[in-house]
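Residue numbering for the sequence shown follows the numbering used here, starting at 1 and increasing by one per position.
Note that CB positions come from ideal geometry on N, CA and C, so glycine has one too.
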Amino acid sequence: MIAGIGATDVVEGYGSRHTWRHRAAALRRLDWSLILAVVALSVLSALLVRSATWAELAEQGKDPQGFLKRHLLNLAIGFGLGAVVSMLDYRLLRAYAPIVYGLACAGLVAVLSPLGETINGSHSWIVVGGGFQVQPSEFAKVGLVVLLAMLLAEPRDGEPRDTDAGPGPRDIVLALALAGAPAALVLAQPDLGTTLVFGAVVMGMLAMSGVRKRWLAGLAGGALLAGLAVWFLGLLKPYQIARFTAFANPEADPRGAGYNAMQARIAVGSGGVTGKGLFEGEQTGGHFVPEQQTDFIFTVAGEELGFVGGCLVIVLLGVVLWRGLRIASSAADPFGALVAAGVVCWLAFQMFENIGMTLGIMPITGLPLPFVSYGGSATFANMIALGLLQAVHLRARPFPA
């Protein structure tokens, strides 16, 4: 030790021993199972995106690796965002949750203004220049999760973890209103898929916050009645109705509303047990499945990697959800537990809906597959969610592995 300088003092150019020990300990405490699962999904994602796009780009005389290069850039930025968020004290988010939520809603309002752009039939984007596009609805998921966590954690503050204390009727009504505002803005774009994600998040977080079961049952019944009312009152767009009817019977309109569902089933079913081989898919190479690099990325895995590859993707996604639930159960406070639970609800619903629509067991809603589909805003939001899980985990109470 240099004379006159203590063990925890900063030596210019070298830093503090205490700081470096703290950082090393934090690295060891990261949930590496979660990180490795997301890294593996990202590697698979890059391969699948390349397979889904290179042939069409080559036919158009463009760089065959164009989508892959942009995807790798998005992943690099996303992991950077996740790393920054993981280093923050998530408890600070509690004070700033209304601001995060407000900014998210402001972005959704901006989409409906002249700043918004229509891409692939959805008025969900803002073009920020240089060819970059932002989809505010993806970041609104983060805003909704942190604000609901702030609201629903208050009745449990200072209570034992196994207490029956939970949100009351006022909290439930406020939670529904807070979820309803961005949901209405997103539905106006129109983006039914993200609206359903908001519904899954608020219902899941209410359930995990300790709301009485009879109230949850009432909410579920009310949601069903609301859905029926939307259908029978004609509030859905014609193409949205066509998607639901095609889900029930895609063969009735194989060249129209049922086309996507039919081609997705053909692609997944043709892969067999081990698939046709990476970059060898006939459905994929022939561009039969629209938007295959985004909404239908799982069809590439099913056709080219087969049942084995599809199961690998599902298992890795399952690891993400499992670790998220473990983080929620070991959180140091109710706010952290609800943040983690909200992230799990968000990701779980999207995973189930996306894979389900490619297999024909769910209607097509245009939701990307987390950590796998191509996309900028979606990738950034997913990685921010990953960072939130790590931030909660780093400050969690110890639990057995």
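Beta-carbon gap between residue i and residue j smaller than 8 Å
i      : j      : result
Ala332 : Arg243 : no
Thr299 : Val273 : no
Leu317 : Leu278 : no
Leu48  : Val372 : yes
Val320 : Val85  : no
Pro334 : Ala95  : no
Ala341 : Gly218 : no
Thr294 : Gly375 : yes
Leu216 : Leu224 : no
Lys141 : Val197 : yes
Ala328 : Val344 : yes
Gly271 : Phe307 : yes
Gly193 : Thr365 : yes
Gln350 : Leu367 : yes
Val201 : Val127 : no
Gly336 : Tyr90  : yes
Leu93  : Pro182 : no
Pro250 : Val211 : no
Phe246 : Ala226 : Just to set this straight, residue 246 is Ala in the shown sequence, not Phe. In this structure, Ala226 does not lie closer than 8 Å to Ala246 by Cβ.
Leu68  : Ala46  : yes
Gly66  : Leu75  : no
Ser137 : Val186 : yes
Leu178 : Leu151 : yes
Selection from the options that minimises the alpha carbon distance to residue i
i      : options                        : result
Gly285 : Gln263, Gln133, Thr274         : Gln263
Ser51  : His287, Arg170, Asn382         : His287
Gly360 : Tyr259, Ser33, Leu148, Ala385  : Tyr259
Ala115 : Leu30, Ser42, Ala175, Gln135   : Checking the sequence shown, residue 115 turns out to be Leu, not Ala. With distances taken between Cα atoms, Leu115 lies closest to Gln135.
Gly309 : Trp32, Leu41, Leu228           : Leu41
Cys311 : Pro363, Phe349, Gly275, Glu353 : Gly275
Gln189 : Leu93, Gly336, Gly82, His123   : His123
Leu147 : Tyr101, Gln133, Ile172, Leu224 : Tyr101
Leu369 : Ala385, Ile384, Phe352         : Phe352
Gly82  : Val392, Ala391, Met383, Phe247 : Met383
His393 : Leu338, Ala348, Asn354, Leu367 : Leu338
Phe139 : Ile126, Ala104, Gln60, Gly302  : Ala104
Trp54  : Leu386, Gly281, Ala381         : Gly281
Gly143 : Pro169, Arg170, Ile99          : Ile99
Ser209 : Ala175, Trp32, Gly66, Ala391   : Ala175
Leu36  : Phe67, Arg323, Thr379          : Arg323
Gly78  : Ala385, Leu68, Ala184          : Ala385
Leu404 : Arg70, Met87, Gln65            : The displayed coordinates of the chain run from 1 to 401. Any statement about residue 404 would go beyond what the structure contains.
Leu389 : Leu347, Pro363, Asn354         : Leu347
Ser377 : Phe132, Leu34, Arg28           : Phe132
Leu44  : Phe232, Asp253, Ala301, Ile266 : Ala301
Ile119 : Glu291, Gln60, Leu151          : Glu291
Ala391 : Ser330, Asn354, Met362, Thr379 : Ser330
Asp191 : Trp125, Asp253, Leu34, Asp63   : Trp125
Gly180 : Phe380, Pro169, Gly199, Asp171 : Gly199
Pro440 : Asn354, Ala149, Glu303, Arg214 : Any question about residue 440 goes unanswered here, given that the chain covers just 1 to 401.
Thr379 : Ala106, Gly80, Ser33           : Gly80
Arg265 : Glu303, Ser33, Ala106, Val315  : Glu303
Limits of the beta strand (DSSP E) - the one that residue i falls within
i      : result
Gln133 : 132-134
Residue i - containing alpha helix (DSSP H), residue span
i      : result
Glu304 : 297-304
Leu103 : 92-111
Thr195 : 192-208
Val453 : Here the chain comprises residues numbered 1 to 401, so residue 453 is not present and cannot be evaluated.
Ser377 : 377-394
Thr284 : 282-285
Asp171 : 169-187
Gly269 : 259-269
Val289 : Careful: Val289 lies outside any alpha helix (DSSP H) and carries neither H nor E.
Leu73  : 66-87
DSSP beta-bridge partners of residue i
i      : result
Trp125 : Glu117
Residue-level contact to chain B via CB, residue i, 8 Å cutoff
i      : result
Glu303 : Structure shown: chain B not included; a single protein chain is present.
Q | Segments of 4+ residues assigned as alpha helix (DSSP H) that fall wholly inside the region 320-375 | A | With a minimum length of 4 residues, the unbroken runs of alpha helix (DSSP H) contained wholly in the region 320-375 fall at 334-359.
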